[in-house]
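Heads up: the protein sequence lines correspond to chains A and B, in order.
Each residue of the first sequence is one higher than the last, beginning at 1034 in the numbering used here.
Each residue of the second sequence is one higher than the last, beginning at 3 in the numbering used here.
Think of the CB as a built atom: it goes at the ideal place given N, C-alpha and C, for glycine as much as any other residue.
Structure, as structure tokens:
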Amino acid sequence: MSKRLFVKGNEAAAMGAVEAGCRYYFGYPITPQSDIPEYLSRELPPLNGEFIQAESEIGAINMLLGASATGVRAMTSSSSPGISLKQEGISYMAGAELPGVIINISRSGPGLGGIDASQSDYFQCVKGGGHGGYHIPVLAPNSVQEMYDLTMHAFDLADLYRTPVMLLGDSVIGQMKEALIPNPRPVRELPAKGWAVRGKSGAEQRVVKSLFLGDGELEAHNWHLHAKYQVMKEKECMSEEYETADARLIVAGFGSVSRIAHTAVTMARAEGMKVGLFRPVTLFPFPEQALAQTAARAGKVLVVELNTGQMVEDVRLSVGAAAQVSFYGRPPGAGSLPSPEELLEVIRKNYDETAR
Amino acid sequence: MQQVFKRPQSLKDVQTHFCPGCHHGTIHRLVADAMDLYGVQDRTIGVASVGCSVFLYGYFDIDVVEAPHGRAPAVATGVKRARPDSFVFTYQGDGDLAAIGTAEIIHAANRGEDITVVFVNNTTYGMTGGQMAPTTLVGQKTSTSPYGRDKSKDGSPIKMAELMAQLGGVAYSARVAVDSPKHVLEAKKVMREAFGYQAQGKGFSFVEVLSACPTNWGMNPLKANARIGEEMIPYFPLGVFKKEEA
């Protein structure tokens, strides 16, 4: 029988990493994610692992690059301003096809911003963030349980596709405490890491690099990366639906706001409105097909985000002309989380318009 | 007949792409010689930096990981911590190590990472076309100090080997030059000593190598070589600045 724990989201992610076999962590303190390095600084050494508090986020991501290049499971974590600093290293890891997990418990911005829940870094995380036109899988948990499960999944995706993977949460998901059942890691066949640098030991030289100067070499490499992203789009999309079967209005939201939206949808159903919720779990690859089908059936989508409109662009691209898309957002700021009643009011307004 | 001189085993049998009179070839050879001495080729992971030296995987017959500009000591930290049995060195120029990578080198050194850092100081950014570096001498003209480096505006050239010697985690720090056969032989001895520190698990070792960049200095190789002795060594003295006993 599985045990049931009561832990914070940040701790759950750290526990998931340990369960996934991660023994190397490199990080730098920043609110609201510091529980992750604190937890791992305590737990990794007894497991013969390594915890290093780096001199900066830049140092940390490059330690991750080095450790991952040797084939071990390793990770870092940070929050928005720290993720900005890590983008250089993430781009290099994407270019050199190095696995690794980056947990981003994002905060509000721009600049120093604040530590309250925000989804204003969607573009930065989902559209590349660093230079060079790459993508990395981005997973958006909305519960403590998912912080655990999706962290384990992130390590598998990283090894399967030889790519950095980001887990994108915010202070609501990272700081809240709720029940966690520590599930075992899903078993998935993963490729051998023959590319990892370990010292030649008589074999052929192995080089981990992102510099391709030969004629046509870089273009070929970029087409190779592009093809990988297409496979991810086919195979790795994850989403969750609630009450969408007969819905005439779909509320779409990810992460923390999806929980508030879930409550609002339940309240709307109690009032007799046929409303459903669509929650992308993978932000890249974005669950285009699943959303397009659900949206076409309903005819209308209301996107809710803790920003002034970012994911809504991917929703519009996904549904095209098949459904009307409207948006309700609250940019970051202390106390700016919408209440379920506030979202219910927005749902009423949009639902009535549908009826007309 | 006894063979007394040959290509180190750790070096590939290929021609280098470096400019005429550049010392990277010589320094590569010294590094390979030290690797051979301790028989670590098969467990070495080299960390290539950004700049002319990035292609070191084309010359060394070892596993290599490429680092972003300045970050080689952080990458090397990750490599060594994950694979403590491996032999890890970085090979970095002055722009890479003493400017953009200052934080990474100081903190890797201060943590006492069990790695070796080869620091090639030619007082300029070579690959990008000869701009002013943190090690550019006062008065030296470069493409971004066309009136000569002005101490009051640009600061003084950084003496990295001396700076490294101040840090608690550093076991060995030295500066050598490769402008003459005598200095090359001294450099060979120092490089061996520095690699020996890691080979014996004694901690962080650092070797600064004064070298020429004839192309960007606008000099022929002989004049460039002479400049090392006439201008660089008086400011960047040769010697071992720290040698921690085991």
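Within chain A, the residues Phe-1059, Ile-1085, Ala-1087, Gly-1092, Asn-1095, Met-1096, Gly-1099 and Ala-1100 have their CB atoms less than 9 Å from the CB of Thr-79 (chain B), given in chain order. Partner residues in the beta bridge of Met-134 (chain B), as assigned by DSSP, are B:Thr-126.
Against chain B, a Cβ distance below 9 Å from Tyr-1072 (chain A) picks out nothing, because the smallest value is about 19 Å. If the five residues before and after Tyr-1072 (chain A) are omitted, its C-beta is found closer than 6 Å to the C-beta atoms of Glu-1044 and Ala-1047, all from its own chain and listed in chain order. In this structure, the straight-line span from the alpha carbon of Gly-1305 (chain A) to that of Ala-1280 (chain A) is close to 11 Å. Neighbours of Leu-1244 (chain A) in chain B, taken as residues whose beta carbon is under 8 Å from its own, are Val-56 and Glu-68 in chain order.
Residues of the segment 1240–1266 of chain A that bring their beta carbon within less than 8 Å of a beta carbon in chain B comprise Val-1240, Val-1241, Lys-1242, Ser-1243 and Leu-1244, in sequence order. A distance of 7 Å or more separates the beta carbons of Asp-116 (chain B) and Ser-51 (chain B). Excluding the 5 residues flanking it on each side, Ile-1085 (chain A) has same chain C-beta neighbours closer than 7 Å at Phe-1059 and Met-1096, in chain order. By alpha-carbon distance to Glu-195 (chain B), the top candidate from B:Leu-224, B:Val-120 and B:Pro-159 is B:Val-120. If you ignore the 5 residues before and after Leu-240 (chain B), its C-beta comes within less than 7 Å of the C-beta of Arg-177, Val-178 and Ala-179, all in its own chain and listed in chain order.
Looking at the DSSP output, Val-66 (chain B) shares a beta bridge with A:Val-1240 and B:Gly-48. With a threshold of 7 Å between beta carbons, Gly-1342 (chain A) makes no contact with chain B. Close partners of Thr-1184 (chain A) in chain B (Cβ separation under 8 Å) are lacking, with about 19 Å as the shortest Cβ gap.
By the Cβ criterion, the segment 195–214 of chain B is not in contact with the segment 149–157 of chain B, since fewer than three pairs of Cβ atoms, one from each stretch, lie closer than 8 Å. Contiguous alpha helix (DSSP H) elements confined to the segment 1174–1262 of chain A occur at 1177–1194 and 1204–1208, taking only those with 4 or more residues. Note: Thr-1315 (chain A) is bridge-paired with A:Leu-1172 in the DSSP secondary-structure output. Close partners of Tyr-1125 (chain A) in chain B (Cβ separation under 7 Å): Pro-70. For a Cβ distance threshold of 8 Å, residue set Gln-1238, Val-1240 and Lys-1242 of chain A lies close to Tyr-59 (chain B), ordered along the chain.
The three-state reading of DSSP puts Thr-144 (chain B) in strand, counting E and B together. Within its own chain, the residues whose Cβ lies closer than 8 Å to the Cβ of Gly-141 (chain B), once the five positions on either side in sequence are excluded, are Gly-150 and Arg-151, listed in chain order. When the five nearest sequence neighbours on each side are left out, the beta carbons in the same chain lying within less than 8 Å of the beta carbon of Phe-1039 (chain A) are those of Lys-1210, Glu-1211, Ala-1212 and Leu-1213, in order along the chain. Listed along chain B are Asp-44 and Arg-45, each with a C-beta nearer than 8 Å to that of Ser-1234 (chain A). Not a single C-beta of chain A is nearer than 7 Å to the C-beta of His-26 (chain B).
Taken atom to atom, the span from the alpha-carbon of Ile-160 (chain B) to that of Val-42 (chain B) is near 32 Å. Among the residues facing chain A, Ser-175 (chain B) is not included, as its CB has no counterpart in that chain under 7 Å away.
Under the three-state reduction of DSSP output, Ser-1101 (chain A) falls in the helix class. The Cβ of Val-1358 (chain A) sits no closer than 7 Å to any Cβ of chain B. Counted as a single uninterrupted DSSP element, the stretch harbouring Met-1108 (chain A) is not any alpha helix (DSSP H) but the beta strand (DSSP E) occupying residues 1107–1111. Across the structure, Cys-1270 (chain A) and Thr-1327 (chain A) are spaced so that their CA atoms are roughly 15 Å apart. Rounded to whole angstroms, the separation of the alpha carbons of Val-77 (chain B) and Arg-113 (chain B) is 14 Å. For Ile-117 (chain B), there are no C-beta contacts with chain A under 7 Å, since the nearest C-beta of that chain is about 10 Å from it.
For Gly-1054 (chain A), none of the residues of chain B pass the 9 Å Cβ criterion, the least Cβ distance being about 13 Å. The beta carbon of Ser-158 (chain B) lies closer than 8 Å to those of Val-140 in the same chain, with the five residues before and after it left out. When DSSP states are grouped into helix, strand and coil, Tyr-174 (chain B) belongs to the strand group. For the pair of segments examined, the segment 1372–1381 of chain A was found to touch the segment 1290–1299 of chain A: the number of CB pairs separated by less than 8 Å reaches three.
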